[in-house]
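> My questions will all concern the structure given below.
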Amino acid sequence: MFEIFTSPDAWIALLTLTFLEIVLGIDNIIFISIAAGKLEPAQRKKATNIGLVLAMVMRIVLLFGISLLTSMKKPFWVFDSEWITGGISGQ
């Protein structure tokens, strides 16, 4: 169960994903600040808070969606034509 913690590949993947999350978080802050800067000063703080919360919720929802797709064993969408058959799954 804990063998993954001894794998250098797992640590490199974790560091890469952590770096990407930090960069995307900074990007979200910059974008929300630019968009909120066009509002009246009384609405800026509210818009910034709503934007950051929505960005965090969206990131969590996408993370759960990706983990659901990668854990699927059977395809979630199958197409069957006369000349080609296939399916799409997370595997």
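Note that the sequence shown covers residues -3 to 87 in our numbering. Idealized CB from N, CA, C, for every residue including glycine. Please read all numbers here as calculations on a predicted model, not as lab measurements.
#1: Determine, using beta carbons only, whether T44 and I28 come nearer to each other than 8 Å.
#2: Name the residue from L50, I84, L64 and S3 whose alpha carbon lies nearest to the alpha carbon of W73.
#3: Excluding the 5 residues flanking A51 on each side, which residues of the same chain have their C-beta closer than 7 Å to its C-beta?
#4: Could you pull the start and end residues of the beta strand (DSSP E) that I84 belongs to?
#5: Tell me the rounded alpha-carbon separation between L16 and L10.
#6: Might you give, ordered along the chain, the residues of its own chain that have their beta carbon closer than 7 Å to the beta carbon of K70, omitting 5 neighbours on each side?
Reading it off the structure:
#1: yes
#2: The closest CA to that of W73, considering only L50, I84, L64 and S3, is found on I84.
#3: N24
#4: T81 to I84
#5: 10 Å
#6: S85, listed in sequence order.
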